[in-house]
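Below is one structure, written out as structure tokens; the observations come after it.
Protein chains: 2
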Amino acid sequence: MVGTPNSIRIERRRAAVRDEILAAAWEVARSRGLAQLTLRDVADRVGMQPPSLYTHFDSKHAIYDAMFAQAWTQLLDLTVAQPAPDPSRPRQVLRADARLFFDFAVADLPRYQLMNQRTIPGFEPSPEAYAVSVRVMTLYREQLAAIGITRDEDVDLVVALVGGLADAQLANDPGGERWSRLLDRAVDMYADHLNLPTEEN
Amino acid sequence: MVGTPNSIRIERRRAAVRDEILAAAWEVARSRGLAQLTLRDVADRVGMQPPSLYTHFDSKHAIYDAMFAQAWTQLLDLTVAQPAPDPSRPRQVLRADARLFFDFAVADLPRYQLMNQRTIPGFEPSPEAYAVSVRVMTLYREQLAAIGITRDEDVDLVVALVGGLADAQLANDPGGERWSRLLDRAVDMYADHLNLPTEEN
DNA sequence: GTCTATACTGTGATAGAC
DNA sequence: GTCTATCACAGTATAGAC
């Protein structure tokens, strides 16, 4: 028992319970819908009484907030784990970033709703949670800057383009490929518009 | 009193009350948020007790459904009232349609959320209400067809492009112009991509 | 320190008197 | 058609057992 003080073991246990609650919350969100998530459902799945959740989270919104941070952290990890883009092939950089974001968005509707849409009535992410999303966007901005795309308007345009395709896919053809098939073409259209060199150059 | 049977007067009165309730619902949605709309707020504004609303609407979702139909009907009317597009100027047709839709979307967040996003937990429009939205989209398709844009993928692309800009505007800069300024440029990018003739031709 | 038991407030919805 | 009374269930909060 030496070497592992109680305080640390307790801290670990608490973190494990928190993760368990969050995992249950994701399950409920995926089966019932993000906004239909109830603390009773979550508590049932974890094997607790609803009020016990308040030992680990201050409120229902605090659970949403932790889920928000988890989701953006997942995307952050995926983006970092991505093979380093080759700035000499700008179109490939664009396509890779767009595909990563698009597939991540389309893979999980409640996750996307929580990350990017205002689906939960009064929910606003905490500054700490929001910071994660800013970090991801900063990463993308840096990758775009590496291929010469630095103007805010140019960044905004491609963000809206990819986001619009993801929205349309989720709203009109969930689980399908109708807009997914248009992604590369849309990115090329954008690259042409900016006169980015093609791979052959 | 001759010439106006009671049944018709009663019908008119009912329709007037319905409109009054819907107007109150829009007010509540704009002040409190679409999802935070409560029957009590609506009833208060109309001067009724909450259960009395059930005389005019079967459920809260039925109110949302009527609002959904109203919103799409507004857009339909605006589109029809638009000056007839000149197919010999395809870029002008594109820009006009895009601007009409974009400005309409951005002008009223709860209306846009109800029309195009899944903001209300279990809400799905009724077939009759949904038919109005289909009619608007059919109108746009016809206008696009008149300038030679007939392939589904091409239509999907411009729909996603304009929708993505509207989403970004509402989500990240509500009331501002950051993405609004990009609209004409985005449409031109799309027109270039399809090799549409420029106005000079 | 946790969890259980219980209660409070606000919501959509229904039943029945008038 | 409208009202009063009431229900079921949500999120939330506190007291007390262990």
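Just so you know, the sequences run in chain order A and B. Counting with this note's numbering, you get residues 42 to 242 for the letters of the first sequence. Counting with this note's numbering, you get residues 42 to 242 for the letters of the second sequence. Ideal Cβ placement from N, Cα and C applies to all residues, glycine included. Treat the numbers as computed from the prediction; the structure is a model and nothing was measured.
CA-CA distance, residue i and residue j?
i: PHE248 of chain B; j: GLU194 of chain B; result: Residue coverage of chain B in this structure runs from 42 to 242, which leaves residue 248 of chain B outside it and unanswerable.
i: PRO92 of chain B; j: ALA139 of chain A; result: 50 Å
i: ARG132 of chain A; j: LEU185 of chain B; result: 29 Å
i: LEU223 of chain A; j: ASP127 of chain B; result: 28 Å
i: GLN123 of chain B; j: ASP149 of chain B; result: 20 Å
i: ASP208 of chain A; j: GLU68 of chain B; result: 27 Å
i: ARG59 of chain B; j: ILE51 of chain B; result: 12 Å
i: SER174 of chain B; j: VAL121 of chain B; result: 13 Å
i: ILE190 of chain B; j: THR239 of chain B; result: 15 Å
i: GLN90 of chain B; j: ASP197 of chain A; result: 47 Å
i: PRO166 of chain B; j: ASN213 of chain A; result: 14 Å
i: VAL228 of chain B; j: PRO162 of chain A; result: 33 Å
i: ALA66 of chain A; j: LEU80 of chain B; result: 28 Å
i: GLN210 of chain B; j: SER72 of chain A; result: 30 Å
i: PRO83 of chain B; j: ALA57 of chain B; result: Here residue 83 of chain B turns out to be Val, not Pro, going by the sequence shown. Approximately 15 Å, taken between the alpha carbons.
i: LEU202 of chain A; j: ARG55 of chain B; result: 45 Å
i: ARG192 of chain A; j: GLU61 of chain A; result: 43 Å
i: ASP85 of chain B; j: HIS102 of chain B; result: 18 Å
i: TRP220 of chain A; j: ILE104 of chain A; result: 32 Å
i: SER48 of chain A; j: GLY88 of chain B; result: 59 Å
Closest Cβ-Cβ distance between residue i and chain B: below 7 Å?
i: LEU135 of chain A; result: no
i: LEU223 of chain A; result: yes
i: PRO243 of chain A; result: Absent from the structure is residue 243 of chain A, since the part of chain A shown begins at 42 and ends at 242.
i: ALA76 of chain A; result: yes
i: HIS102 of chain A; result: no
i: SER48 of chain A; result: no
Can you tell which of the options has its C-alpha closest to the C-alpha of residue i?
i: ALA70 of chain A; options: A:THR160, A:TYR95, A:THR96, A:ARG53; result: A:THR160
i: ARG182 of chain A; options: A:MET156, A:ALA209, A:LEU135; result: A:LEU135
i: GLU169 of chain A; options: A:ASP82, A:LEU94, A:THR114, A:GLY74; result: A:THR114
i: ARG176 of chain B; options: B:ARG152, B:ILE49, B:LEU116, B:LYS101; result: B:LEU116
i: SER100 of chain B; options: B:ARG86, B:LEU78, B:ARG53; result: B:LEU78
i: ALA112 of chain A; options: A:TRP220, A:LEU180, A:LEU63, A:GLY216; result: A:LEU63
i: GLY74 of chain A; options: A:PRO151, A:GLU61, A:HIS102; result: A:PRO151
i: ARG130 of chain B; options: B:LEU119, B:ILE188, B:ASN47; result: B:ILE188
i: ASP106 of chain B; options: B:GLN154, B:LEU119, B:LEU141; result: B:GLN154
i: ARG53 of chain A; options: A:ASP85, A:HIS97, A:GLY88, A:ASN157; result: A:HIS97
i: MET230 of chain A; options: A:PHE143, A:ALA76, A:ASP85, A:VAL199; result: A:VAL199
i: PHE143 of chain A; options: A:GLU218, A:VAL87, A:PHE164, A:SER48; result: A:GLU218
i: PRO215 of chain B; options: B:MET178, B:VAL147, B:ASN157, B:GLN158; result: B:VAL147
i: GLY205 of chain A; options: B:GLN158, B:LEU94, B:PHE164, B:ALA232; result: B:GLN158
i: ARG226 of chain A; options: B:TYR171, B:LEU235, B:ARG226; result: B:LEU235
i: ALA125 of chain A; options: A:SER48, A:LEU180, A:ILE49, A:ALA232; result: A:LEU180
Could you give the DSSP three-state label for residue i: helix, strand or coil?
i: ARG130 of chain B; result: coil
i: PHE98 of chain A; result: coil
i: LEU202 of chain A; result: helix
i: LEU75 of chain B; result: coil
i: THR191 of chain A; result: coil
i: LEU63 of chain B; result: helix
i: ILE104 of chain B; result: helix
i: PHE142 of chain A; result: helix
i: ASN236 of chain B; result: coil
i: ILE51 of chain B; result: helix
i: ALA125 of chain B; result: coil
i: LEU223 of chain A; result: helix
i: MET230 of chain A; result: helix
i: SER167 of chain A; result: coil
i: GLU68 of chain A; result: helix
i: ASP149 of chain A; result: coil
i: VAL196 of chain A; result: helix
i: MET42 of chain A; result: Interpretation of MET42 of chain A is limited by its pLDDT of 47, a score under 50 that renders its predicted location unreliable; no figure is taken from the coordinates.
i: GLU218 of chain B; result: coil
i: ARG159 of chain A; result: coil
i: GLN111 of chain B; result: helix
i: MET89 of chain A; result: coil
Below 9 Å on C-beta distance, what does residue i contact in chain B?
i: ALA209 of chain A; result: ASP197, VAL200, ALA201, GLY204, GLY205
i: GLU194 of chain A; result: ARG219, ARG222, LEU223, ARG226
Does the beta carbon of residue i sit closer than 7 Å to a beta carbon anywhere in chain A?
i: LEU180 of chain B; result: no
i: ALA56 of chain B; result: no
i: MET230 of chain B; result: yes
i: ALA148 of chain B; result: no
i: HIS97 of chain B; result: no
i: ASN242 of chain B; result: Unreliable placement is indicated for ASN242 of chain B, whose pLDDT of 49 sits below 50; the coordinate value is still reported in the next sentence. So, not an interface residue.
Between residue i and the ligand GTP, is there a pair consisting of the residue's CB and a ligand heavy atom that are separated by less than 6 Å?
i: GLY216 of chain A; result: Ligands in the displayed structure: none, and consequently the ligand GTP is not present.
Run down chain A in chain order and give the residues with a C-beta less than 9 Å from the C-beta of residue i.
i: TRP220 of chain B; result: ASP197, LEU198, ALA201
i: ASP233 of chain B; result: MET230, ASP233, HIS234
For residue i, which residues in chain A fall below 8 Å Cβ to Cβ?
i: GLN115 of chain B; result: Here the premise fails: no neighbours, minimum Cβ distance about 20 Å.
Who are the neighbours of residue i on chain A, taking C-beta pairs under 7 Å?
i: ALA227 of chain B; result: LEU198
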